[in-house]
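There are 2 protein chains.
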Amino acid sequence: MPAAPLRKDAARNWQRIVEVGRRLVDEGTPIQLNDVARAASVGVATVYRHFPTPEALLETVATPGLEALVAHAERALSGGDPWTTLRDFLFAAADAQITDASISPVFAAPVNALPHVGELKERLAVLFGKLLDQARAAGVIDPGVTQADMVPLMCGVAFAATVHPATGTEDRAATARRYLTFLLEGLRTRA
Amino acid sequence: MPAAPLRKDAARNWQRIVEVGRRLVDEGTPIQLNDVARAASVGVATVYRHFPTPEALLETVATPGLEALVAHAERALSGGDPWTTLRDFLFAAADAQITDASISPVFAAPVNALPHVGELKERLAVLFGKLLDQARAAGVIDPGVTQADMVPLMCGVAFAATVHPATGTEDRAATARRYLTFLLEGLRTRA
DNA sequence: GCCAAAACGGATGACTCATCCGTTTCACTG
DNA sequence: CAGTGAAACGGATGAGTCATCCGTTTTGGC
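Residue numbers (UniProt numbering), protein chains in the order written: chain A, 1 to 191; chain B, 1 to 191.
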């Protein structure tokens, strides 16, 4: 779904381009706008018109995943044990980063090409803050960890799993979960 | 120090090129062999002759730092409380990664351009194994963490500190230490 | 059906990269 | 110390990538 309403042909091309982008991300191929154009059977200019930079396309590809994460966080806030809630959400976030390769770079980028993506990240940060506050209020988490640490830490977990010489996506997800477990153990305050 | 003994002019140029490489790394500028040539007042071909790829130059720049780390680990093994020894070494490794930007990418690369660098990484892995074994034998560390986890985890810590929107190198080092503290708390088995 | 606006596409110039080869420097020998 | 072959030098250049520009086509309201 493009930002503004698009003409029929434009919408069709937009879709095609995003589909190619998604495919490239899944293959782990870096996004090159010229190649995207060829693969989408579309003129180069069309790609550049919709997505001025590779990052813009990447962020568009990442958007559904980010929205899912935000929705998950909002659901999580509606109740339950603070620690379990936080932990489950973090596991979901780690999984998302491994499963969908477009998410990590968007998280790690200090500034985003798409305003909407920036807003999503902002919302996520706020939600992280609330989840943390709950946990802190319940006295189950190290008071030294702040809202601003959460995205970096999650990026670190995903990155660590990427560096580990695991073979498949399945293994990498398992590794990420294991590393997240270590981290959570370190963040938790024990009785 | 190049691998093979070099002619005087070749040695001079090699040095110049590495110096430029070091400067670029410190500035955070990506290494482009053509620019390196210009900055070192040397022909492009000379650069390519000594360093076929940017990675090769990067690894050469990283070598002293890696050797220092290996030396540190060897010293650490000569005695002391297993937990303290392991912890201190990990803090040194984290610091090195933040201080010297050439180290992280070399760690994270699955395969290295320079055989010597590959060997250094291998030695480091072995030393990590020994430090871990000591800690495990003393019962102070989670038995689920293996030698193969250490480099990825350290990369994760450094990466997380990089993602955190800190301003200076000083702050980033502090953030890395804080994150490493969390991680260590998670790896440690408590009485 | 007609027209203006919107979108299209690919040819093209700017830029980057890495090789090749004619020239220069070095170090060893007599 | 002059001569010589090997080693190293450097920059011109061809291949390849990137992103813009503009003449043509498509769309959708009147």
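C-beta: ideal position from N, C-alpha, C; glycine also.
Where alanine 76 (chain A) is concerned, the enclosing alpha helix (DSSP H) starts and stops at 54-77.
Secondary structure at arginine 190 (chain A): coil, using DSSP grouped into helix, strand and coil. Straight-line spacing of the CA atoms in serine 104 (chain A) and arginine 12 (chain B) works out to 42 Å.
Beyond the five residues adjoining it in sequence on each side, alanine 40 (chain B) comes within less than 6 Å, by CB distance, of Arg16, Ile17 and Val20 in the same chain, given in chain order. The beta-carbon of histidine 72 (chain A) is placed no less than 8 Å from the nearest beta-carbon of chain B. Valine 157 (chain A) reaches chain B at Gly156, counting residues in chain order whose Cβ is nearer than 7 Å. In this structure, the straight-line span from the alpha carbon of aspartate 26 (chain B) to that of alanine 137 (chain A) is close to 42 Å. Taking glycine 144 (chain B) as the centre and dropping the five residues before and after it, the same chain places no C-beta closer than 8 Å to its C-beta. Going by DSSP, phenylalanine 51 (chain B) is part of no alpha helix (DSSP H) at all; its letter is neither H nor E. Think of a sphere of 9 Å around the beta carbon of proline 165 (chain B): the chain A residues whose beta carbon falls inside it are Pro110, Ala148 and Pro152, in chain order. Within the stretch 24-38 of chain B, no residue has its Cβ closer than 9 Å to any Cβ of chain A. When the Cα atoms are used, glutamate 119 (chain B) and threonine 84 (chain A) turn out to be separated by approximately 43 Å.
Within its own chain, the residues whose Cβ lies closer than 6 Å to the Cβ of alanine 62 (chain B), once the five positions on either side in sequence are excluded, are Ser102, Ile103 and Val106, listed in chain order. For valine 157 (chain B), the CB contacts under 7 Å within the same chain, skipping 5 residues up- and downstream, are Ala94, Ala176, Tyr179, Leu180 and Leu183 in chain order. Under the Cβ distance rule, glutamate 185 (chain A) counts among the residues neighbouring chain B, one pair being separated by less than 8 Å. Within chain A, the residues whose beta carbon sits less than 9 Å from that of arginine 178 (chain B) are Gly144, Val145 and Asp149, listed in sequence order. With fewer than 16 other Cβ atoms inside 10 Å of its own Cβ, threonine 167 (chain A) counts as exposed. A:His72 is the residue among A:His72, A:Asn34, A:Val126 and A:Val47 whose C-alpha sits nearest the C-alpha of alanine 92 (chain A). Not flagged as an interface residue toward chain A: phenylalanine 89 (chain B), since no C-beta distance is shorter than 8 Å. Between valine 117 (chain A) and leucine 69 (chain A), the CB-CB gap reaches or exceeds 8 Å. In the three-state reduction of the DSSP assignment, isoleucine 17 (chain B) falls in the helix class.
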